[in-house]
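Here's the structure, in structure tokens; my notes come after.
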Amino acid sequence: MEKIKVIIADDSDFVRDGMRIILSVDEEFEVLGCAENGKKAIELAKKTPPDVFLMDIQMPEMDGIEATKYIVEHELGKVLILTTFDDDALVQQALKCGAKGYLIKNHTPEHLKQMIKSVYHGTAVVEENFLEHLTSAQQEQKPFCEEGYTAREMDIIRAVADGLSNKEIAAKLYLSEGTVKNYITTILAKEGLSHRTALAVYYLTGRKG
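Structure below.
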């Protein structure tokens, strides 16, 4: 029987080790490696491509959204997002970038295995309880306020929300990467936000923090 090859990407040692142990003792799975961020997960995949990535969203250096976009574009494997109830807007971004589903971290071992199998066999997976939470959050959300922004700044904000890198934004809008970086720095300062992921969440949900 051919094993399902998996790479685990999460910045928590506890989560990585727990999933590795769960999957390693099951003869249906083979864990190719573990990574603490998206960049290292991609490096592992370039050496030995997995069937499925278990991908956390919020990680240092390269987060799960940027990593998912790269993985899908370069056909390195299928992505199953690991999430918490606070990640709803980020999950939407990851799905837009090509992730095949999402898994809440407080899963049982058998549920984890079943979700991986579903993604491996081509079925997109959705956590029912998470979907209910996402729907509820969408009903409560307020629209992002565009007042005070120029048309160019809004172009930048939308591109960030779409998961584009500075280089991709620069190419799309015919700007230099330095100019894009300056725009993003200015926008973050206006909103009192610390990073681009927070900006994407604010634009998509109207929520800060």
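In terms of the working numbering, the sequence shown opens at residue 11 and continues consecutively. Where is the CB? At the ideal position from N, CA and C, for every residue including glycine.
Starting from the C-beta of Val129, find all residues in its chain whose C-beta is less than 7 Å away, skip the five residues before and the five after it, and write them out in chain order. Here the set comprises Val62, Lys88, Leu90, Lys110, Gly111 and Val135.
In the DSSP assignment, the beta strand (DSSP E) including Met11 goes from what residue to what residue? For Met11, there is no enclosing beta strand (DSSP E), as DSSP marks it with neither H nor E.
Please decide whether Ile18 counts as near chain B, where near means a Cβ-Cβ distance under 8 Å. You won't find chain B in this structure, because it holds only one protein chain.
Based on Cα-Cα distance, which residue from Asp21, Arg26 and Val16 lies nearest to Glu40? Here the closest residue by C-alpha is Val16.
Lys79 burial status per 10 Å Cβ neighbour count (16 or more: buried): By the 16-neighbour rule on beta-carbons within 10 angstroms, Lys79 is buried.
Since Glu46 and Asp21 should fall inside the 8 Å C-beta cutoff, what is the C-beta to C-beta distance between them, to a whole number of angstroms? Yes, Glu46 and Asp21 are in contact; Cβ-Cβ is about 5 Å, under 8 Å.
Say yes only if the C-beta of Lys13 is nearer than 7 Å to one or more non-hydrogen atoms of the ligand ADP, and no if none qualify. Among the ligands in the structure shown, none appear at all, so the ligand ADP cannot be discussed.
Gly216 beta carbon less than 8 Å from that of Ile75: Contact: no.
Is Met65 closer than 8 Å to Leu92 when the C-beta atoms are compared? Closer than 8 Å, so yes.
Give a yes or no on whether the C-beta atoms belonging to Val82 and Cys107 are separated by under 8 Å. Annotated as proximal: Val82 and Cys107, with beta-carbon spacing under 8 Å.
So Ile81 is in the alpha helix (DSSP H); what residue range does that whole segment cover? Taken as a continuous stretch (DSSP letters only), the alpha helix (DSSP H) holding Ile81 covers Gly74 to Glu83.
Starting from Ala109, follow the beta strand (DSSP E) in both directions and report where the run begins and ends. Neither: Ala109 is in no beta strand (DSSP E) and is coded neither H nor E.
If Ile167 sits next to Leu209, beta carbons under 8 Å apart, how far is it from one beta carbon to the other, in whole angstroms? About 7 Å separates the two Cβ atoms, so the contact holds.
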